[in-house]
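These notes are about the structure you will find just below.
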Amino acid sequence: MDFLILLDFLIPATGAGKAILAAVLLGAGSGLLGSFVVLRRMALMGDAISHAVLPGVVAGLIYSPERSPVFIFLCAATAGVLGAGLVRAMMATTRLKSDTALGIVLAFFFAFGIMWQSRNQESTAGVMNFLFGNIGAINADDLRMMIIATVCLCTVVFILKRPLLVVSFDEGFSRGLGYPVRILNAVFYFLLTFSVVVALQAVGVVLVSAMLVTPAAAAYLLTDRFGKMLLLSMAFGVFSGVVGGVVSANINGMPTGPVITLAATAVFAATYFLAPQHGVLAKLFRKVRRRRRVHRENTLKAIYQIQEAGGFSYDHVSLIELARKRRHTEDHARKECAELLRHGFVELSSDGHAVSLTTPGWKRAMEMVRNHRLWELYLTNEANYADDHVHEDAEKIEHILGVNTVRQLEQDLDFPELDPHGKPIPQPQLIVPPIA
Amino acid sequence: MAIALETHDLTVTYHKRPVLYGIDVTVPEGSLVGIVGPNGAGKSTLIKSIMGVVPSSGGWVKVFGTPLKENLHRVGYVPQRESVDWDFPVTVMDVALMGTYGRLGLFRRPGKKEKLQAQEALEKVGMLPYANRQIGNLSGGQQQRVFLARALAQDSDLYLMDEPFAGVDAATEAAIIELLKEMRERGKTVLVVHHDLQSASEYFDKLLLLNMRLVAFGDVKEVFTPELLQKTYGGRLTILSEVADHAAKF
Chain L
20 MDFLILLDFL
30 IPATGAGKAI
40 LAAVLLGAGS
50 GLLGSFVVLR
60 RMALMGDAIS
70 HAVLPGVVAG
80 LIYSPERSPV
90 FIFLCAATAG
100 VLGAGLVRAM
110 MATTRLKSDT
120 ALGIVLAFFF
130 AFGIMWQSRN
140 QESTAGVMNF
150 LFGNIGAINA
160 DDLRMMIIAT
170 VCLCTVVFIL
180 KRPLLVVSFD
190 EGFSRGLGYP
200 VRILNAVFYF
210 LLTFSVVVAL
220 QAVGVVLVSA
230 MLVTPAAAAY
240 LLTDRFGKML
250 LLSMAFGVFS
260 GVVGGVVSAN
270 INGMPTGPVI
280 TLAATAVFAA
290 TYFLAPQHGV
300 LAKLFRKVRR
310 RRRVHRENTL
320 KAIYQIQEAG
330 GFSYDHVSLI
340 ELARKRRHTE
350 DHARKECAEL
360 LRHGFVELSS
370 DGHAVSLTTP
380 GWKRAMEMVR
390 NHRLWELYLT
400 NEANYADDHV
410 HEDAEKIEHI
420 LGVNTVRQLE
430 QDLDFPELDP
440 HGKPIPQPQL
450 IVPPIA
Chain H
278 MAIALETHDL
288 TVTYHKRPVL
298 YGIDVTVPEG
308 SLVGIVGPNG
318 AGKSTLIKSI
328 MGVVPSSGGW
338 VKVFGTPLKE
348 NLHRVGYVPQ
358 RESVDWDFPV
368 TVMDVALMGT
378 YGRLGLFRRP
388 GKKEKLQAQE
398 ALEKVGMLPY
408 ANRQIGNLSG
418 GQQQRVFLAR
428 ALAQDSDLYL
438 MDEPFAGVDA
448 ATEAAIIELL
458 KEMRERGKTV
468 LVVHHDLQSA
478 SEYFDKLLLL
488 NMRLVAFGDV
498 KEVFTPELLQ
508 KTYGGRLTIL
518 SEVADHAAKF
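In order, the protein sequences belong to chains L and H. With the working numbering applied, the first sequence covers 20 to 455. With the working numbering applied, the second sequence covers 278 to 527.
This is how it looks when you write it as structure tokens:
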């Protein structure tokens, strides 16, 4: 393979340099393909292909005593594609679903590979590197092969990015577009196998599927754009690869595959908690904020209702009255009012035992009461609910009705003045507090 | 009148069990056709087999006088909304743009012209303000509108739509039927799988009554009769489905 020597200017002289280059290549390749794997819900397929390549690796080691990387690569890729094809064939000819077919093929290929290796222990020395990964064992020949495979892979994905996206998103529709769906799927399986084989020597058969899933999953939680997801996934792949490579090269007893996998999982864990839109903490934060807003609005509503019951003739509501209405202690009512005070909805009386609504407070309180009563009216008039069945529902809906929905409701109900229980529906747009 | 779609003896089997039997249908250009029938009648299967998404085991399909493959660019397919993953990281605009991909082939990128077409299509279904939203943040009705925009961007002459009214709000339903009628005025042919018999007679010019085989096809006033509807919906097991059971065991 003389032309491969042309690539030598790319290949670092030191062992550490080689390890880092290998990590970059495998991270980019599997990050890229992994995005498709995650979106197509094919994580198990990645696992099956990675296990299915083992007999190919064993064959490569046995029949190529000089350890030609090209030969081993081709054997491994053939075995992987064979495994994927077998899965498809089993699904097409029986009623077995993909997960079962994958389970059978994965176990069979792996068992067969181990068996074959055990009977040829001498010629397959070093197979452990392929099982658990050893980035230090990657030499210049292997690197050349990895460069070529990764460049091919990225080029094909770049050229076919759009068709591959459409086929992944909506296969039926893409047939209607005239796309050669079977060919595109076959190309995808080849690329997937390539990315598995590229990562094989560094990460190992057992864990290579983690590189297909974990970085892409982290990217998926971070963005809602496909292009960004591809880039982020590649970046995470490269990052975990380099971290794993450097750590395992410098510290004894740190096998590369597991360290890379742990690094990828750390990235995933960070996005799992911290992602701004889909992260767990962001969701929790939004939930807490929503709950506090609902709480505030309910307190405002209670103050309004006390005022209403008194014919709007007092400008203050005492904390004791509020506590009785909300069925809490006075202490609790004080805390609720402190919260309202922070948001500028109420003012505290000079003795600290009563509150009065500010203009924004009146507005918000009236909006809540209006929403509640409008919704009750809508349910009884338009949806034929009995008027004693509508309160609970309105308690929830009042907090989420938007401006447009309210306008629509008012129109549909012909700008009503009274709710089903005969109480007036406030009009916060005429923001004159009803206090005399 | 020119013929938009013709099927002859179209038959589909699923695991050896026939689900559609010898469908012969000739749809003239410019008609708005509702495909109705009970659950399991093969309504979706019919349009999927016309599109070649489900392989047919017999018969043929012609579109504008030639086999489908030669006229595929003149056919737009709108799958069921549930058939895709709405968490997919694409925007409303991305999906509408997919409608133009058929003309571009595998390798060409969409340019200014395609983007304008997608924009126009979104405008038509009232989804342009949402162009940059991820598709998961939409209501069911809005998602269906996006699918329709994608079909409009395809600018086909024959449309096959699978349950576009399923799970949409009343406003969207009215907007869709308005759109379908407008498409018919422009000479397009539209076949729509529809599950509501009540509205079917109002919405469409022609009805295709289906229950594993073609019960009737024709103008609404000819086929929307108690006898034909009884034949489509009534009777638990027809002889056909019994034979189908035997065939599956064979």
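The C-beta atom is built at its ideal place from N, Cα and C for all residues, glycine as well.
- In this structure, the straight-line span from the alpha carbon of residue 495 of chain H to that of residue 419 of chain H is close to 32 Å.
- When secondary structure is reduced to three states using DSSP, residue 423 of chain L falls in the helix class.
- It is roughly 50 Å from the alpha-carbon of residue 312 of chain L to the alpha-carbon of residue 273 of chain L.
- Residue pairing for residue 284 of chain H: DSSP places it in a beta bridge opposite H:302, H:338.
- The closest CA to that of residue 358 of chain H, considering only H:508, H:317, H:439, is found on H:439.
- At least one CB atom of chain L sits nearer than 8 Å to the CB of residue 292 of chain H.
- The count of Cβ pairs closer than 8 Å, one atom from the region 151-166 of chain L and one from the region 258-276 of chain L, reaches three, so the stretches are in contact.
- Approximately 7 Å separates the beta-carbon atoms of residue 41 of chain L and residue 264 of chain L; this is inside 8 Å, confirming the contact.
- Residue 60 of chain L sits exposed, since fewer than 16 C-beta atoms from the chains shown fall within 10 Å of its C-beta.
- At a cut-off of 8 Å between beta-carbon atoms, residue 197 of chain L makes contact with chain H.
- Remark: C-beta atoms of residue 401 of chain H and residue 426 of chain H approach each other more closely than 8 Å.
- Apart from sequence neighbours up to five positions away, the residues of its chain that approach residue 135 of chain L with a beta-carbon distance below 7 Å are 74, 77, ordered along the chain.
- Assignment of beta-bridge partners to residue 323 of chain L by DSSP yields no partner.
- Across the structure, residue 361 of chain H and residue 203 of chain L are spaced so that their CA atoms are roughly 18 Å apart.
- Under the DSSP definition of a beta bridge, residue 373 of chain L partners with L:337.
- Here DSSP, grouped into helix, strand and coil, assigns residue 411 of chain H to strand.
- Interface annotation, residue 338 of chain L: not in contact with chain H, CB-CB separation never under 8 Å.
- Chain order gives the chain H residues near residue 185 of chain L as 375, 378, where near means a beta carbon separation below 7 Å.
- For the region 392-420 of chain L, the set of residues with a beta-carbon nearer than 7 Å to any beta-carbon of chain H is empty.
- Assignment of residue 226 of chain L by DSSP, reduced to helix, strand and coil, places it in the coil class.
- In the same chain as residue 294 of chain L, and ignoring 5 residues on each side of it, the C-beta atoms closer than 6 Å to its own belong to 240, 241, in chain order.
- Within chain H, the residues placing a beta-carbon under 8 Å from that of residue 58 of chain L are 362, 365, 366, ordered along the chain.
- Shown here for residue 409 of chain H: same chain residues with a beta carbon closer than 8 Å to its own, the five before and five after excluded, namely 368, 369, 370 in chain order.
- Within the region 397-429 of chain H, those residues whose Cβ lies closer than 7 Å to any Cβ of chain L are, in chain order, 411.
- By the Cβ rule, the region 442-456 of chain H does not count as touching the region 484-493 of chain H, because fewer than three pairs are nearer than 8 Å.
- With 16 or more other Cβ atoms from the protein chains shown falling within 10 Å of its own Cβ, residue 444 of chain L counts as buried.
- Going by DSSP, residue 349 of chain L is part of the alpha helix (DSSP H) stretching over 349-361.
- No Cβ of chain L is located within less than 8 Å of the beta carbon of residue 393 of chain H.
- Residue range 245-269 is occupied by the alpha helix (DSSP H) that includes residue 245 of chain L.
- Counting the other CB atoms within 10 Å of its CB gives residue 434 of chain L a total below 16, which places it among the exposed residues.
- Within chain L, 189, 191, 192 have C-beta atoms less than 8 Å from the C-beta of residue 356 of chain H, given in sequence order.
- Pairing residue 50 of chain L with residue 257 of chain L gives a Cβ-Cβ distance under 8 Å.
- With contacts defined by Cβ atoms closer than 8 Å, residue 290 of chain L and residue 229 of chain L do not form a contacting pair.
- Take the alpha-carbon of residue 101 of chain L and the one of residue 70 of chain L: they are about 12 Å apart.
- A distance of 8 Å or more separates the beta carbons of residue 174 of chain L and residue 96 of chain L.
- Partner residues in the beta bridge of residue 496 of chain H, as assigned by DSSP, are H:483.
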